[in-house]
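Student: Structure in structure tokens, see below.
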Amino acid sequence: MGDHVIVGGVCWDESAADIRMGADPTTSTSQKAWGYELNHGSFAQFTVAAEYQCHRKPDRLTWEEAGCFLAGGSTSYRQLLGWHPHTVQPGDPVLIWGGAGGLGSMAIQITRCFGGRPIAVVSDDAKTDYCLRLGAEGVINRREFDHWGRMPDPADLDAYRAWLGGVRSFGRKIWDVLGDRRSPKIVLEHPGRDTLPTSVYVCDNGGMVVTCAGTSGYNGDLDLRFLWMFQKRLQGSHAANVRQTAAVIDLVAAGRLDPCLSEAYPFADIAEAHQRVYENRHLHGNAAVLVNAPEPGLKSL
Ligand SMILES: NC(=O)c1ccc[n+]([C@@H]2O[C@H](COP(=O)([O-])OP(=O)(O)OC[C@H]3O[C@@H](n4cnc5c(N)ncnc54)[C@H](OP(=O)(O)O)[C@@H]3O)[C@@H](O)[C@H]2O)c1
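The opening position of the sequence shown corresponds to residue -7 in the working numbering, with each subsequent residue numbered one higher.
Structure (structure tokens):
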């Protein structure tokens, strides 16, 4: 009672039959995204949340820092560490789309924290330094390539050959930035339609493409030959369970992960804040909106 808390963004029915039988609650048929599929009022002065959603706010964080990182941090933590045996291991190259974004900025740091070698992808050289400072071993500007979007029909030999040329040159770029002919053991996916065919191709033999979104489109193509011949795994991942959520908050509390707050908007600008994210115009990292806090920089009431 009285604790300052951060609220995890996913709920479930703790007495659901599948959870009682031992399922990870985030895979339960009762699972819902809080504030989206359930409207108990995120961005509100008062709200309703279940006890298991509430995690102690680290004292050292401001309200806006505490409010900004959990969605991307906990989701990328589960993507990178939740899918045994495809968890980040020391020395593993990990390809991270949108390296300067919400998921990406946390994923770069989590990969480093567990000894992996993060390679970040961005669309603007102005984001390169930011990713390097977070721990990326190399950064690739996706604008140097033009094979994005849906994969052509493999029966259309000319179009397919041109597409494969683009994908292979992107793969060689990964080797260049690593200084090593090694392919990513894990590919952290979320753009979806534009990048999934490339993600499946460049992923290492026996590696995993793990996706939590389809920002550019929900129709993700893949050439199945690359999946089965090289025994790769395509894994869906959504949100995070209580243990994974607590783990990422602990890492932020210990100062091992930066919450990557880039902008804190006053409540009156909430529509503009969402529009900037929607149009990919926000600078980098995570944005926050002040709801009750009268000004940025406050850590308690
Ligand atoms: N399932 C879940 O639990 C869960 C949780 C959190 C987020 N998400 C979803 O994950 C997605 C990313 O979230 P976020 O917080 O990281 O958003 P974000 O801060 O907007 O970052 C996304 C990044 O993706 C990159 N991007 C955009 N369009 C792209 C394209 N066509 N091809 C390649 N890269 C592209 C952009 O980087 P560049 O332009 O620099 O490449 C952008 O910075 C969203 O759709 C979000 O809803 C899902």
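From the three backbone atoms N, C-alpha and C, an ideal C-beta is built for every residue, glycine too.
Bear in mind the structure is a predicted one, so any value in this text is a computation, not a measurement.
(1) From what residue to what residue does the beta strand (DSSP E) around residue 280 run?
(2) Of all the alpha helix (DSSP H) runs that stay within the bounds of the segment 98 to 136, which reach a length of 4 or more residues?
(3) So the beta strand (DSSP E) residue 228 belongs to, where does it begin and stop?
(4) Would residue 65 and residue 240 qualify as a contact pair, given that the criterion is a beta-carbon distance under 7 angstroms?
(5) Quick one: residues in its chain with C-beta nearer than 6 angstroms to the C-beta of residue 158, no 5 flanking neighbours on either side, listed in chain order?
(6) Do residue 276 and residue 292 have their C-beta atoms within less than 7 angstroms of each other?
(7) Tell me residue 24's beta-bridge partners as DSSP assigns them.
(8) Quick one: does the C-beta of residue 93 sit closer than 6 angstroms to a heavy atom of ligand 1?
(9) Is any heavy atom of ligand 1 found at a distance shorter than 6 angstroms from the C-beta of residue 89?
(10) Quick test of your reading: residue 83 and residue 109, contact by CB under 8 angstroms. State the CB separation rounded to the nearest angstrom.
(11) Would you mind sorting residue 197 into buried or exposed? The rule is 16 or more other CB atoms within 10 Å of its CB.
(12) List the endpoints of the continuous beta strand (DSSP E) containing residue 48.
(13) Can you tell me which of the three DSSP states residue 85 falls into?
(14) Where do the N-terminal and C-terminal ends of the alpha helix (DSSP H) with residue -7 fall, by residue?
(15) Ligand 1 heavy atoms versus the CB of residue 316: any closer than 6 angstroms?
(16) Should residue 21 be labelled buried (16 or more other beta-carbon atoms within 10 Å of its own) or exposed?
(17) Going by CA-CA distance only, name the one from 272, 257 and 246 that's closest to residue 49.
(18) Is residue 183 near ligand 1, going by C-beta to nearest heavy atom under 6 angstroms?
(19) Count the other CB atoms, across all protein chains shown, that sit within 10 Å of the CB of residue 19; report buried if there are 16 or more and exposed otherwise.
(20) Assuming contact is defined by CB atoms lying nearer than 7 angstroms, are residue 213 and residue 143 in contact in what I supplied?
(21) Can you name the start and end residues of the beta strand (DSSP E) that residue 80 belongs to?
(22) Decide if residue 182 is buried, meaning its Cβ has at least 16 other Cβ atoms within 10 Å, or exposed.
(23) State the start and end residues of the unbroken beta strand (DSSP E) segment that holds residue 253.
(24) Over the uninterrupted alpha helix (DSSP H) stretch that includes residue 269, give me the two end residues.
(25) How many angstroms separate the CA atom of residue 85 from the CA atom of residue 103?
(26) Is residue 64 near ligand 1, with its Cβ less than 6 angstroms from a heavy atom?
(27) Return the first residue and the last residue of the alpha helix (DSSP H) that residue 57 is part of.
Tutor: To lay it out plainly:
(1) Position 288 of the sequence shown, counted from the start, is the residue given in the question as residue 280. Its beta strand (DSSP E) spans residues 278 to 281.
(2) 120 to 126
(3) Your numbering for residue 228 matches position 236 in the sequence shown. 225 to 228 is the span of the beta strand (DSSP E), which, as asked, contains residue 228.
(4) Numbered from its first residue, the sequence shown carries residue 65 at position 73. Numbered from its first residue, the sequence shown carries residue 240 at position 248. Yes, they are a contact pair.
(5) Position 166 of the sequence shown, counted from the first residue, corresponds to residue 158. The residues are 137 and 139.
(6) On the sequence shown, residue 276 is found 284 positions in, with the first residue counted as 1. On the sequence shown, residue 292 is found 300 positions in, with the first residue counted as 1. No, the Cβ-Cβ distance between residue 276 and residue 292 is not below 7 angstroms.
(7) As a position in the sequence shown, residue 24 is number 32, starting the count at 1. DSSP output for residue 24 lists 3 as bridge partner(s).
(8) For the purposes of this step, residue 93 is identified with residue 101 of the sequence shown, where counting begins at 1. Checking the Cβ of residue 93 against ligand 1 gives yes.
(9) As a working note, residue 89 is residue 97 in the sequence shown. Yes; taking the cut-off as 6 angstroms, the Cβ of residue 89 has a heavy atom of ligand 1 nearer than that.
(10) In the sequence shown, the residue the question calls residue 83 occupies position 91. In the sequence shown, the residue the question calls residue 109 occupies position 117. About 7 angstroms; that satisfies the 8 angstroms criterion.
(11) Mapped onto the sequence shown, residue 197 falls at position 205. It is exposed - the Cβ of residue 197 has fewer than 16 other Cβ atoms within 10 Å.
(12) Counting from one through the sequence shown, the residue named residue 48 turns up at place 56. Residue 48 -> beta strand (DSSP E) spans 46 to 48.
(13) Here residue 85 refers to the residue found at position 93 when the sequence shown is read from its first residue. Reduced to three states, the DSSP call for residue 85 is strand.
(14) As a first step, residue -7 is located in the sequence shown; it is residue number 1 there, counting from the start. That residue, residue -7, is in no alpha helix (DSSP H); it is neither H nor E in DSSP.
(15) The requested residue 316 does not occur in the structure, where the chain is confined to residues -7 to 293.
(16) On the sequence shown, position 29 is the one that residue 21 refers to. Residue 21 should be labelled exposed.
(17) Here residue 49 corresponds to residue number 57 of the sequence shown, with the count starting at 1. Comparing Cα positions, the closest option is 246.
(18) By 1-based counting over the sequence shown, the position of residue 183 is 191. True, at least one ligand heavy atom lies under 6 angstroms from that Cβ.
(19) Counting from one through the sequence shown, the residue named residue 19 turns up at place 27. Flag for residue 19 reads exposed.
(20) As a first step, residue 213 is located in the sequence shown; it is residue number 221 there, counting from the start. As a first step, residue 143 is located in the sequence shown; it is residue number 151 there, counting from the start. Going by C-beta atoms, residue 213 is nearer than 7 angstroms to residue 143.
(21) Counting from 1 along the sequence shown, the entry for residue 80 is found at position 88. It is not in any beta strand (DSSP E) - residue 80 carries neither H nor E in the DSSP assignment.
(22) In the sequence shown, residue 182 corresponds to position 190, counting from 1. Buried, since its Cβ has 16 or more Cβ neighbours within 10 Å.
(23) Position 261 of the sequence shown holds residue 253. From DSSP, the beta strand (DSSP E) with residue 253 extends over 253 to 257.
(24) Position 277 of the sequence shown, counting from 1, holds the residue named residue 269. Element bounds for residue 269: 262 to 270.
(25) Within the sequence shown, the letter at position 93 stands for residue 85. Within the sequence shown, the letter at position 111 stands for residue 103. Computed Cα separation, rounded: 9 angstroms.
(26) Taking the first residue of the sequence shown as 1, we reach residue 64 at position 72. Residue 64: yes, Cβ under 6 angstroms from ligand 1.
(27) Locating residue 57 in the sequence shown gives position 65, counting from the first residue. Its alpha helix (DSSP H) spans residues 55 to 60.
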